[in-house]
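To keep things clear, I will list the structure first and then write my remarks on it.
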Amino acid sequence: MSYQERSIKDIIKMIGRNEVYLPAIQRKFIWKHEQIERLFDSIMRGYPIGTFLFWYISGEKKNNYTFYKFLQNYHERGGRNEVAPNPQLKDEIIGVLDGQQRLSSMYIALQGSYAYKKAYARWDNDNAFPKRYLYINLMKNMDSDGEHSDDLMYQFKFLTEQEAKLISKDKLWFKIKNVLTWGDDPEIDDYYDKVIDNQVNNNELIMAIKSKKSQIKSTLRKLHMKIVLEKLINDFKLENQDLDEVLDIFVRVNSGGTVLSKSDLLFSTIVANWEEARDEIEDFLIMLNNKGDGFKLDNDFIMRSCLVLTDCPVLFSVKNFRRDNITRIRTEWPKIKEALSLTIDLIVKFGFSGDNLTSHNALVPIAYFILKGGNVEGSEKEIQKYLINSLLMQIYGGQGDQVLTSIRDELREVSGDLHTLKYKNFPLKELLELKLPGNKSLKMSNEDLDEILEYKKSAYTFMVLSLLYPNLRYDQISFHQDHIHPSSFFTDSKLKKYHIPNEKWDEWKDYKDTLPNLQMMEGKENISKSKKPVKKWLEENTKLGDKIKYRSDNYIPMDADLDFFEFEAFYESRKKLLKKELSNILL
715 MSYQERSIKD IIKMIGRNEV YLPAIQRKFI WKHEQIERLF DSIMRGYPIG TFLFWYISGE
775 KKNNYTFYKF LQNYHERGGR NEVAPNPQLK DEIIGVLDGQ QRLSSMYIAL QGSYAYKKAY
835 ARWDNDNAFP KRYLYINLMK NMDSDGEHSD DLMYQFKFLT EQEAKLISKD KLWFKIKNVL
895 TWGDDPEIDD YYDKVIDNQV NNNELIMAIK SKKSQIKSTL RKLHMKIVLE KLINDFKLEN
955 QDLDEVLDIF VRVNSGGTVL SKSDLLFSTI VANWEEARDE IEDFLIMLNN KGDGFKLDND
1015 FIMRSCLVLT DCPVLFSVKN FRRDNITRIR TEWPKIKEAL SLTIDLIVKF GFSGDNLTSH
1075 NALVPIAYFI LKGGNVEGSE KEIQKYLINS LLMQIYGGQG DQVLTSIRDE LREVSGDLHT
1135 LKYKNFPLKE LLELKLPGNK SLKMSNEDLD EILEYKKSAY TFMVLSLLYP NLRYDQISFH
1195 QDHIHPSSFF TDSKLKKYHI PNEKWDEWKD YKDTLPNLQM MEGKENISKS KKPVKKWLEE
1255 NTKLGDKIKY RSDNYIPMDA DLDFFEFEAF YESRKKLLKK ELSNILL
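Those letters in the sequence shown? Residues 715 to 1301, by the working numbering.
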């Protein structure tokens, strides 16, 4: 490898001339706009911005691999790097092995735009993502002002063109991409005059700006120097043409810190050997995450699922995932997609979404059971109980790969290279008895149940309530976790009004959000119930027969007094009843 230097302008021009690309092993661009703004502050202050690793590849070899163009206009809601078509590739091209995020940030800032959501706007509103360009505030040079805010010396900001026109005594915005047109020896006075002439027509503002003329010219000069003249891009030149060796270097470079997870490395390997993988997986994730009320599944989930569902080792290292395993994943990809899609459909029926699914790993054994031909329709209750038990007992927290391996070993029979399902129906009973790594178990004890009954309103209480209310159509209607005695009653003023002894206040406040005071209620009904006392709401909305049914359906003892001042007695009696019901379900 040899060492080279070039300016930021040089590398931007090289990217624009289609001489520099991103190998398929690279991940998507993920930097936030604040990170780009800080990067340019570092550049202006002369801080090191790290070295880069460039892979030079020429001849026919370059046509064996997939490369992507740099993003020019980034959109927070999603966007893909365009695949570089082979005819467009030069005789020799450069693939970026280390420095993708920094170079992409520079290219977006100096040649494109960054669209991120306006505060409080809806994610599905197209107008919530205006195009923004990187500007520097010429009136805010902390070096001369003697002030520092958030460690930043210069104020860089992504703004819409309309926002950039808002000028004041301490704001004069300059689009930084303009310095690329100045040449190597610009007349800074001329460009200073253009900034004033083109943007300012208020005499008072002109006087304020002229009072900082020296500072503004100094900032413009330094900006030009850092982007156009100085050789700030220091890169190593790698000319090895073999992908496996290049991949090893890529892994070493990118795994020194927390840059890449194991699944990221596997994903890189898969993409390097299966060029359609990135688009396939991204499209599939979008489809999965749009199911039900939405999920937050990611590459990590897909990679682990691929390993488990193709009977590959779950405790993986990159060296174990070369062409043979990847070929298996690629061959079985349609089956993997179908099994994962059916798994998400199933858990939507159970009431799960991204807000209450606390572990993605818990889904993988379900998908394995489906892929191998298990009787899902006859096993739904067992699958639901497995899922909720695994989440409540948090069996995938730490040693998750080993836990997945143990559960898969219980589900399958192995004969040579053949892996078949051991059970026709989902083996909940056997899994409950299974000893898992780290002394974990799916099986609950009385002590676990006591602890669960003290859980406060959360994803975990939703899971327990979904077991207590098994006949609700969670995939068709939105259900809320509702406080039986309204949360608004547990304030100091209300507790005082109801003559609750002061020494009970903290205890009652602690109890109000726990399971014995929670029920599952349809969203619209919950809104109508709102802050009404439960006794009054019940009298206004139900007849005598309905009141009895309401108590029965919601596990409220028939003799429990629903007056608020009797909350403690209500709490203890319902807790006892819930424990009895949950013992039958979970133990």
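By construction, the Cβ of each residue, glycine as well, lies at the ideal position given by its N, Cα and C atoms. Note that this is a predicted model, so its numbers are computed, not measured.
Would you say residue i and residue j are within 8 Å of each other, going by their C-beta atoms?
i       : j       : result
Leu1163 : Lys1293 : yes
Ile822  : Gln876  : no
Asp1007 : Ser1067 : yes
Val734  : Ile850  : no
Gly1092 : Gly1152 : no
Lys1005 : Val1062 : yes
Leu946  : Ile722  : yes
Leu767  : Phe950  : yes
Gln740  : Gln814  : yes
Ile1166 : Val1178 : yes
Lys1154 : Pro1230 : no
Leu873  : Ile923  : no
His1213 : Phe1279 : yes
Leu824  : Ile726  : yes
Ala1081 : Leu1023 : yes
Phe743  : Phe870  : no
Pro737  : Phe781  : yes
Leu919  : Ile881  : yes
Thr1134 : Glu1127 : yes
Phe1176 : Leu1186 : no
Alpha carbon to alpha carbon, how far is residue i from residue j?
i       : j       : result
Ile1321 : Pro1079 : Since the first and last residues shown for the chain are 715 and 1301, residue 1321 lies out of range.
Met1107 : Met1158 : 8 Å
Ile771  : Val810  : 11 Å
Leu1296 : Asn1075 : 25 Å
Ile763  : Thr1057 : 44 Å
His1199 : Phe1281 : 8 Å
Tyr1269 : Asp1260 : 14 Å
Asp1304 : Lys1136 : As shown, the chain starts at 715 and ends at 1301. That puts residue 1304 outside it, with no answer to give.
Glu1161 : Arg791  : 45 Å
Val942  : Gly826  : 17 Å
Tyr1285 : Asn1216 : 18 Å
Leu1390 : Ser1180 : Residue 1390 is absent from the model: the chain starts at 715 and stops at 1301.
Leu1300 : Lys1223 : 28 Å
Ser858  : Gly760  : Note that Ser858 scores 48 on pLDDT, short of 50, meaning its location in the model is unreliable; the coordinates nonetheless yield the value given after this. One C-alpha to the other measures close to 16 Å.
Lys1049 : Gln1098 : 22 Å
Leu1209 : Glu1168 : 21 Å
Gly860  : Asp840  : The pLDDT assigned to Gly860 is 49, lower than 50, so where the model puts this residue is not dependable, and the model offers no usable value.
Asp724  : Leu894  : 10 Å
Lys854  : Phe843  : 27 Å
Leu1101 : Asp1025 : 21 Å
Quick check on residue i: does DSSP put it in helix, strand or coil?
i       : result
Asp997  : helix
Ser677  : The question about residue 677 has no answer, for the chain in this structure spans 715 to 1301.
Pro737  : strand
Thr1228 : strand
Ser1297 : helix
Val797  : strand
Lys1290 : helix
Glu1236 : strand
His789  : strand
His1194 : strand
Ile851  : Just to set this straight, residue 851 is Asn in the shown sequence, not Ile. DSSP places Asn851 in strand when its eight states are reduced to three.
Ser1172 : coil
His747  : helix
Arg1126 : strand
His1133 : strand
Tyr828  : strand
Tyr1264 : helix
Tyr1110 : coil
Phe1204 : coil
Thr972  : Since pLDDT at Thr972 reaches only 39, below the 50 mark, its modelled position is unreliable, and the value read off the structure follows with that caveat. Of the three classes helix, strand and coil, the one that applies to Thr972 here is coil, per DSSP.
Lys924  : helix
Tyr782  : strand
Lys940  : helix
For residue i, verify whether its CB is less than 7 Å away from any heavy atom of the ligand ZN.
i       : result
Arg1044 : No copy of the ligand ZN appears in this structure; indeed no ligand is present at all.
Would you list the residues sitting across from residue i in a DSSP beta bridge?
i      : result
Arg720 : Ile947
Lys885 : Ser882
Gly809 : Tyr735, Trp769
Phe870 : Ile850
I'd like to know if residue i contacts chain C, where contact means its C-beta is closer than 8 Å to some C-beta of that chain.
i      : result
Phe754 : This model lacks chain C altogether; it includes just one protein chain.
**Message:** Check whether the region 735 to 755 and the region 925 to 936 touch, using three or more Cβ-Cβ pairs below 8 Å as the test.
**Reply:** At 8 Å Cβ cutoff, the stretches do not touch.
**Item:** Any 3 or more C-beta pairs closer than 8 Å across the region 1162 to 1177 and the region 1049 to 1063
**Value:** No: the two stretches stay apart, fewer than three of their Cβ pairs being nearer than 8 Å.
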